[in-house]
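Asks:
Residue numbers (our numbering): 2 to 377.
1. So residue 85 is in the beta strand (DSSP E); what residue range does that whole segment cover?
2. Among 110, 349, 141, 91, which has the Cα closest to the Cα of residue 79?
3. Pairs of beta-carbons, one from the segment 321-335 and one from the segment 184-196, closer than 8 Å: are there three or more?
4. Pick from 28, 236, 210: whose alpha carbon is nearest that of residue 164?
5. Considering only DSSP beta bridges, list what residue 155 is partnered with.
6. Could you tell me the distance, in whole angstroms, from the CA atom of residue 225 to the CA atom of residue 100?
7. Alpha carbon to alpha carbon, how far is residue 303 from residue 162? Give it in angstroms, no decimals.
8. Look at the alpha carbon of residue 295 and the alpha carbon of residue 176, and state the distance between them as a whole number of angstroms.
9. Would you give the residue range spanned by the alpha helix (DSSP H) that residue 323 belongs to?
10. How is the beta strand (DSSP E) around residue 239 delimited, first residue to last?
11. Mind the definition here: the segment 257-276 touches the segment 334-348 only if three or more C-beta pairs lie below 8 Å; say whether that holds.
12. Which residues in the same chain as residue 19 place their Cβ atom closer than 7 Å to its Cβ, once the five residues preceding and following it in sequence are excluded?
13. Within 10 angstroms of the Cβ of residue 326, are there 16 or more other Cβ atoms? Answer buried if so, exposed if not.
14. Would you mind stating whether residue 361 and residue 347 have Cβ atoms separated by less than 8 Å?
15. Within the same chain, show all residues whose beta-carbon is closer than 6 Å to that of residue 298, passing over the 5 residues directly before and after it, in chain order.
16. Where does the unbroken beta strand (DSSP E) through residue 235 begin, and where does it stop?
17. Rounded to whole angstroms, what's the CA-CA distance from residue 231 to residue 167? Just pull it up for me.
18. Is the CB-CB distance between residue 88 and residue 115 below 8 Å?
19. Taking the alpha-carbon of residue 311 as reference, which of 354, 140, 282, 369 has the nearest alpha-carbon?
20. Any idea what DSSP makes of residue 311, helix, strand or coil?
21. Under the three-state reduction of DSSP, which class applies to residue 55: helix, strand or coil?
22. Is it a yes or a no for the segment 232-250 touching the segment 125-144, going by three-plus beta-carbon pairs under 8 Å?
23. Using only CA atoms, which one of 156, 106, 190, 44 lies nearest to residue 72?
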């Protein structure tokens, strides 16, 4: 399985918490999209085969793209690759962009999955995060997408927001239940360095986050998901059985993917590349026929560490035979020895042929994974 990721680095408004690469100035959008199509042509051979199984437009806010830019980009994608008939083609979208005309146009281009950035159904939370949409728009946007026959539909929610008590968090989840979705993502609000949220908290304009609140609401989320038939198939992702995100699941399983656009990353199993995080320099370099990216050959120990980190985040965990087949008997021995050390913490549980995080361990996923790492 191979995937294609396209990073669209434009937003109408900057969310306080976001540390992704984006710009609210869209003057260069046509030139940048042209450069991205040229980058696709320059790098198509990096994927191991001509068929791609997932296409993901992320950002930024891909839903603000003019339809003409999306049409031109899809023409290049289909010119360069064979897009599988069963491919999952995702567009990240803000609620205020989901008008009937856009929904119809997206479906006509082959987009069959929408990932909608709701974050909360409460106005106070949306104002704290500086989201551009309202709570009413959030609800109506999902309803419009359902009416437009987007069966593959997911939304993002954020917990741990100052001012959101447990009751309000559960109210968000109950609104979600009423929408009848098969998939959603939920993230703890984190304060990333050099974001607007970081600055505003340090200036005491906004309240800081509370780790205890976030942990408690994560626990409430796990209880609610189990009671409502959702599998917690990755630390931040929940789905009804068999309704997992194909693109993200492929990433967690180490499948090769090509990422184009400013700040996008790619991985082919041994080499990782990262595109420059500067729109102007990106356009200039591509127009000059140069790829503005850095490539790094990943050391075997790093590949092993990333494998443990990503697999432990999923419900499928780490199969012993897979470790031996990929990394050898010595690596499996190291894993088994560490497993014995961690077993008494209750953070891991065994299943036939492998192990995974227990419910308690999900609160400490990265810490548990780090205990298995090899020195790089």
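All C-beta atoms in this analysis are idealised placements derived from N, C-alpha and C, irrespective of residue type, glycine included.
Replies: Straight from the coordinates:
1. Segment 83-94, the beta strand (DSSP E) holding residue 85.
2. Residue 110 is the option with its Cα nearest to residue 79.
3. Counting Cβ pairs under 8 Å, fewer than three are found: no touch.
4. Nearest of 28, 236, 210 to residue 164, Cα basis: 210.
5. According to DSSP, which records beta bridges pairwise, residue 155 is partnered with 116, 184.
6. Approximately 31 Å, taken between the alpha carbons.
7. The alpha-carbon atoms of residue 162 and residue 303 are separated by roughly 34 Å.
8. Roughly 44 Å separates the two Cα atoms.
9. Where residue 323 is concerned, the enclosing alpha helix (DSSP H) stretches over 321-328.
10. 238-240 is the span of the beta strand (DSSP E), which, as asked, contains residue 239.
11. For the pair of segments examined, the segment 257-276 was found not to touch the segment 334-348: the number of CB pairs separated by less than 8 Å stays below three.
12. Closer than 7 Å at the Cβ level, and outside the excluded window around residue 19, lie 196.
13. By the neighbour-count rule (16 or more Cβ atoms within 10 Å), residue 326 is not buried but exposed.
14. Result yes, Cβ atoms of residue 361 and residue 347 sit closer than 8 Å.
15. These residues qualify, in order along the chain: 272.
16. Note, residue 235: beta strand (DSSP E), 232-235.
17. So the alpha carbons of these two residues sit roughly 20 Å apart.
18. With a cutoff of 8 Å on beta-carbon distance, residue 88 and residue 115 are scored as not near each other.
19. Restricting attention to 354, 140, 282, 369, the CA atom closest to the CA of residue 311 is found in 369.
20. In the structure shown, residue 311 adopts helical secondary structure according to DSSP, grouped into three states.
21. Residue state for residue 55 is assigned as strand, using DSSP reduced to three classes.
22. Below 8 Å, too few C-beta pairs join the segment 232-250 and the segment 125-144 to call them touching: fewer than three.
23. Here the closest residue by C-alpha is 106.
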